[in-house]
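Residue numbers (my numbering): 12 to 154.
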């Protein structure tokens, strides 16, 4: 965590980079076998419409995502990127409520209804509109 000074730092550190993949089992095999990484089991998250795997890199993680069920929010993304691609960056924040307040005061958009939801790590998350962040989808996760 950064030392707090007069300047307010909203984001703490990069939590993970999320990559949508066409085949989670194959991705798990590549990261474990070819790269020798520590990889979690596949975890379905029906409330988010995805299945996920986390590749643990110590100070950060890679999240591998695949659509789950009809209407998955990443189905169209995978159709447009059939070989897979980076989907979003996730940064940690001390207070999701404070982050949402500060961002909306600046006119920046929170996706969905703007209410934080429980994410893959069991912590509150929100997603920020990519048009407000130079084309990058940003996830904030409360630590």
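C-beta: ideal position from N, C-alpha, C; glycine also.
Inset, instruction - Could you tell me if residue 63 is buried or exposed, where buried requires 16 or more neighbouring beta carbons within 10 angstroms of its beta carbon? - result: Residue mapping note: residue 63 aligns to position 52 of the chain shown, counting from 1. Classification for residue 63: buried.
Inset, instruction - Output yes or no for whether 9 Å exceeds the beta carbon distance between residue 61 and residue 83. - result: Counting from 1 along the chain shown, the entry for residue 61 is found at position 50. Counting from 1 along the chain shown, the entry for residue 83 is found at position 72. Yes.
Inset, instruction - Check whether the Cβ atoms of residue 74 and residue 24 lie closer than 9 Å to each other. - result: Stepping through the chain shown from its first residue, residue 74 is reached at position 63. Stepping through the chain shown from its first residue, residue 24 is reached at position 13. No. Outside cutoff.
Inset, instruction - Report yes or no: do three or more beta-carbon pairs, one from the stretch 130-138 and one from the stretch 146-153, lie closer than 8 Å? - result: yes
Inset, instruction - Name the two residues that bound the continuous beta strand (DSSP E) containing residue 72. - result: For the purposes of this step, residue 72 is identified with residue 61 of the chain shown, where counting begins at 1. Taken as a continuous stretch (DSSP letters only), the beta strand (DSSP E) holding residue 72 covers 72-78.
Legend entry - Whole-Å CB distance - residue 29 paired with residue 132, under 8 Å assumed: Working through the chain shown from its first residue, we reach residue 29 at position 18. Working through the chain shown from its first residue, we reach residue 132 at position 121. Between residue 29 and residue 132 the beta-carbon gap is near 12 Å, outside 8 Å, which marks them as no contact.
Inset, instruction - Compute the Euclidean distance between the alpha carbons of residue 43 and residue 134, then round it to the nearest angstrom. - result: Numbered from 1 along the chain shown, position 32 holds the residue referred to as residue 43. Numbered from 1 along the chain shown, position 123 holds the residue referred to as residue 134. Distance between the alpha carbons of residue 43 and residue 134: 26 Å.
Legend entry - Contact check, residue 49 vs residue 67, beta carbons under 9 Å: Here residue 49 corresponds to residue number 38 of the chain shown, with the count starting at 1. Here residue 67 corresponds to residue number 56 of the chain shown, with the count starting at 1. Taking 9 Å as the Cβ cut-off, residue 49 and residue 67 qualify as a contacting pair.
Inset, instruction - Measure the Cβ-Cβ separation of residue 77 and residue 31 and say whether it is below 9 Å. - result: Locating residue 77 in the chain shown gives position 66, where the first residue counts as 1. Locating residue 31 in the chain shown gives position 20, where the first residue counts as 1. A contact, by the Cβ cut-off of 9 Å.
Legend entry - Enclosing alpha helix (DSSP H) for residue 152 [first to last residue]: In the chain shown, the residue the question calls residue 152 occupies position 141. Looking at the DSSP string, residue 152 is not in any alpha helix (DSSP H); the run it does join, the beta strand (DSSP E), is 148-153.
Legend entry - C-beta contact flag for residue 120 and residue 21 at 9 Å: For the purposes of this step, residue 120 is identified with residue 109 of the chain shown, where counting begins at 1. For the purposes of this step, residue 21 is identified with residue 10 of the chain shown, where counting begins at 1. Going by C-beta atoms, residue 120 is not nearer than 9 Å to residue 21.
Legend entry - Exposure label - residue 72; buried when at least 16 CB within 10 Å: Locating residue 72 in the chain shown gives position 61, counting from the first residue. Label assigned to residue 72: buried.
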